[in-house]
Amino acid sequence: MDWLLDIQGLEKSFPGVKALKGVGLQVKKGEVHALMGENGAGKSTLIKVLTGIYQKDAGTIRFDGENINAKSPIEANKKGISTIYQELNLSPFQTVYENLFLGREPRTKIGSIDRKKMVAEARRILNDLEVHIDVDRPLGQYSTAIQQMVAVARAISTNTKLVIMDEPTSSLDAKEVKVLFGIIRKLKSQGISVIFISHKLDEIFEICERLTVLKDGQYVGAYDIKELDQLKLISLMVGRETGERERKKTGYNFKNAKGLMRADNIRQGVCLNGIDMTIKEGEVLGLAGLLGSGRSELAKVLFGANQPDQGQVFWYGQPVKIRKPADAIKRGIGFCTEDRKEEGIIPELSVKENITIALLPKLNKFGFVKAKEQDAIVSSYIDKLKIKTPSPDQPIVNLSGGNQQKVLLARWMCMEPKLIIMDEPTRGIDVGAKAEIEQLIQEFSKAGISVLMISSEIAELVRNCDRILVLRDGQKKGELTGADINQDKIMETIAHGSECKEA
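So for the sequence shown, our numbering puts the first residue at 29; every next one is plus one.
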């Protein structure tokens with residue numbers, strides 16, 4: 029096969045993490061090829077190596093008949109590889125034509141910018157894509173969809189042979205997606221290849237011919253779209269644990285439990301489309317779904333980190349306004365974020381300071397921290413959660429990922445919470461630490477603390493949850509309890525949905 033792109037044995041490591049482990053990817057000339065995988069699968073790292081943002085540790089990249097090793101995106105672009113990111117790197121205050129030629133403006137014989145040529149070329153390129161707009165207007169005056177089309181036009185205006193589209197439809201409505209797909213088909217007809225990255229399975233099956241699946245930094249396989257249905261694709265992406273551990277939960281008797289939190293018709297942009305949910309005291313409620321299903325967005329609304337466009341939240345049956353995280357914390361809600369390094373731990377501070385930072389107002393007396401009380405609380409939680417640290421004064425960045433996660437749990441536990449929201453609580457930690465975190469979740473439940481658990485590891489949800497809500501494309505597709513909490517049923521519900529029944 030004469031591949032346009034042929035990647036073999038790609039390896040890339042970062043401190044403590046092997047992001048790519050012998051990955052391969054082959055793309056034909058003039059095909060639309062999907063790159064699939066959950067968060068942490070290695071998709072972004074692969075693209076960044078291909079486009080010169082990262083340098084590979086091992087492996088070969090062959091493009092259009094020659095071995096390449098781009099040192100920068102500019103070098104990759106000169107080879108014929110263009111990337112359109114989810115967050116458009118365009119300038120809204122400059123005109124359409126200026127954005128099209130940003131950083132590579134044509135010059136006149138005397139060295140000044142040839143604006144006349146830029147305008148003419150911009151019109152020609154956009155007309156070829158059947159995008160008829162005034163190129164003299166500032167780009168920011170146009171819709172997100174039009175800006176996306178300008179990004180495509182910019183990508184193909186440099187003799188591009190391969191266009192990489194990273195979540196290009198995330199901000200587009202159904203009509204705008206159709207326009208974009210029309211442009212992708214036009215690129216294909218011109219012999220330009222497209223690597224298409226999207227969490228929306230319907231789009232993958234509509235626009236792509238083949239796909240490659242990655243999981244945990246490893247190559248799973250390449251498949252013709254015709255060989256797969258959505259259920260099979262989901263099973264390839266999420267994988268299965270070999271020798272899966274037995275389900276720990278025996279079923280939660282929430283009929284007599286007191287209702288803690290309820291959310292009705294939560295809507296937010298294109299992320300959340302009318303979600304209802306309830307959680308009761310002591311219940312471990314799981315949120316299942318693929319990347320982009322709305323799980324983290326829902327969690328952030330409940331914690332007050334994001335505001336919904338519509339909907340109502342109830343706390344012990346009473347309507348409440350949670351406008352900011354401080355409102356949630358006052359009610360006894362804690363949030364262990366998905367990205368503990370960026371949004372969770374405070375790297376400059378010690379273990380002790382990270383544990384008690386949310387508790388400082390209570391530990392404050394006349395402007396001074398009650399040190400003895402602080403030390404006693406910290407010592408207690410280091411012991412309870414088995415946090416491995418040489419000293420409470422140890423910088424938190426020196427701890428392992430699992431112990432950093434325990435520090436975040438300790439932060440909320442010392443606030444005596446009623447509900448802990450845990451977004452990917454075991455991501456990036458070793459097997460032993462995973463088991464310890466799962467044990468803590470069960471202990472919270474026994475103590476009457478509710479847990480809202482988000483995880484991409486279906487087996488993890490199966491082991492720990494009393495009830496599971498399945499989300500897809502910002503909507504609730506099913507609610508599973510009892511014997512229905514198993515891998516097959518969850519994947520089937522993600523793929524096809526089921527009848528939703530509130531407990």
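Ideal Cβ positions, reconstructed from N, Cα and C, are used throughout, including at glycine.
Here's the rule I'm using: 16 or more other beta-carbon atoms within 10 Å means buried, otherwise exposed. How should residue i be labelled?
{"i": "Ser171", "result": "exposed"}
{"i": "Glu488", "result": "buried"}
{"i": "Tyr247", "result": "buried"}
{"i": "Ser351", "result": "Correcting the residue identity first, residue 351 is Arg in this sequence and not Ser. Result: exposed."}
{"i": "Gly506", "result": "buried"}
{"i": "Thr270", "result": "Bear in mind that the predicted position of Thr270 carries a pLDDT of just 35, short of 50, making it unreliable; the figure below should be weighed with that in mind. By the 10 Å Cβ count, Thr270 comes out exposed."}
{"i": "Phe42", "result": "exposed"}
{"i": "Asn95", "result": "exposed"}
{"i": "Thr136", "result": "exposed"}
{"i": "Asp516", "result": "exposed"}
{"i": "His524", "result": "exposed"}
{"i": "Lys84", "result": "buried"}
{"i": "Ser407", "result": "exposed"}
{"i": "Asn105", "result": "buried"}
{"i": "Ser140", "result": "exposed"}
{"i": "Lys414", "result": "exposed"}
{"i": "Thr186", "result": "exposed"}
Would you say residue i and residue j are within 9 Å of each other, going by their C-beta atoms?
{"i": "Ser473", "j": "Glu311", "result": "yes"}
{"i": "Leu264", "j": "Lys243", "result": "yes"}
{"i": "Gly322", "j": "Gly502", "result": "yes"}
{"i": "Thr384", "j": "Arg295", "result": "no"}
{"i": "Val191", "j": "Ile112", "result": "yes"}
{"i": "Phe18", "j": "Asp292", "result": "Past the boundaries of the shown model lies residue 18; the chain is included only from 29 to 531, so the question cannot be answered."}
{"i": "Met177", "j": "Ile211", "result": "yes"}
{"i": "Gly80", "j": "Glu103", "result": "yes"}
{"i": "Ile532", "j": "Ser378", "result": "Because residue 532 is not part of the residues shown, which for the chain are 29 to 531, the question remains open."}
{"i": "Glu234", "j": "Phe209", "result": "yes"}
{"i": "Gly372", "j": "Lys228", "result": "no"}
{"i": "Asp421", "j": "Lys390", "result": "no"}
{"i": "Gly288", "j": "Ser110", "result": "Correcting the residue identity first, residue 288 is Leu in this sequence and not Gly. No, the Cβ-Cβ distance between Leu288 and Ser110 is not below 9 Å."}
{"i": "Lys387", "j": "Cys442", "result": "Inspection of the sequence shows that residue 387 is occupied by Leu rather than by Lys. Against a cut-off of 9 Å, the Cβ pair of Cys442 and Leu387 comes out as a contact."}
Whole angstroms are fine: how far does the CA of residue j sit from the CA of residue i?
{"i": "Tyr409", "j": "Glu471", "result": "14 Å"}
{"i": "Gly50", "j": "Leu63", "result": "16 Å"}
{"i": "Glu272", "j": "Ile486", "result": "Legend: pLDDT at Glu272 = 43, less than 50; position of this residue unreliable, no value from coordinates given."}
{"i": "Pro353", "j": "Ala333", "result": "6 Å"}
{"i": "Leu33", "j": "Gln54", "result": "5 Å"}
{"i": "Asn301", "j": "Met519", "result": "21 Å"}
{"i": "Thr73", "j": "Glu39", "result": "10 Å"}
{"i": "Lys328", "j": "Ile361", "result": "11 Å"}
{"i": "Leu128", "j": "Ala356", "result": "45 Å"}
{"i": "Ile522", "j": "Cys364", "result": "24 Å"}
{"i": "Leu259", "j": "Gly430", "result": "32 Å"}
{"i": "Trp31", "j": "Lys189", "result": "12 Å"}
{"i": "Cys493", "j": "Ala316", "result": "11 Å"}
{"i": "Lys416", "j": "Gly314", "result": "28 Å"}
{"i": "Arg290", "j": "Met481", "result": "16 Å"}
{"i": "Val298", "j": "Leu78", "result": "30 Å"}
{"i": "Lys398", "j": "Asn392", "result": "6 Å"}
{"i": "Ser221", "j": "Ile184", "result": "11 Å"}
{"i": "Ile405", "j": "Asp230", "result": "50 Å"}
{"i": "Val498", "j": "Asp451", "result": "15 Å"}
Going by alpha carbons, who is nearest to residue i out of the options?
{"i": "His61", "options": "Asp494, Lys358 and Lys254", "result": "Lys254"}
{"i": "Tyr82", "options": "Ala69, Gly93 and Asn97", "result": "Asn97"}
{"i": "Val163", "options": "Val124, Leu239, Gly372 and Gly87", "result": "Val124"}
{"i": "Phe91", "options": "Ser119, Ile141, Ile35 and Leu48", "result": "Ile35"}
{"i": "Gln169", "options": "Asp512, Leu118 and Ile141", "result": "Leu118"}
{"i": "Phe331", "options": "Lys446, Ile469 and Ser419", "result": "Lys446"}
{"i": "Gln338", "options": "Ala173, Asp304 and Ala202", "result": "Asp304"}
{"i": "His160", "options": "Asn187, Lys144, Arg290 and Ala181", "result": "Ala181"}
{"i": "Gly93", "options": "Ala183, Lys56, Asn105 and Gly139", "result": "Lys56"}
{"i": "Gly510", "options": "Leu499, Lys504 and Arg491", "result": "Arg491"}
{"i": "Glu366", "options": "Leu436, Arg359 and Lys349", "result": "Leu436"}
Under the assumption that residue i contacts residue j (Cβ atoms under 8 Å), give the Cβ distance between them as a whole number of angstroms.
{"i": "Leu48", "j": "Gly65", "result": "Incorrect: roughly 11 Å between the Cβ atoms, too far for contact."}
{"i": "Gly37", "j": "Ala86", "result": "6 Å"}
Comparing the C-beta of residue i with each C-beta of chain D, is any distance below 9 Å?
{"i": "Leu499", "result": "The structure shown has no chain D; it contains just one protein chain."}
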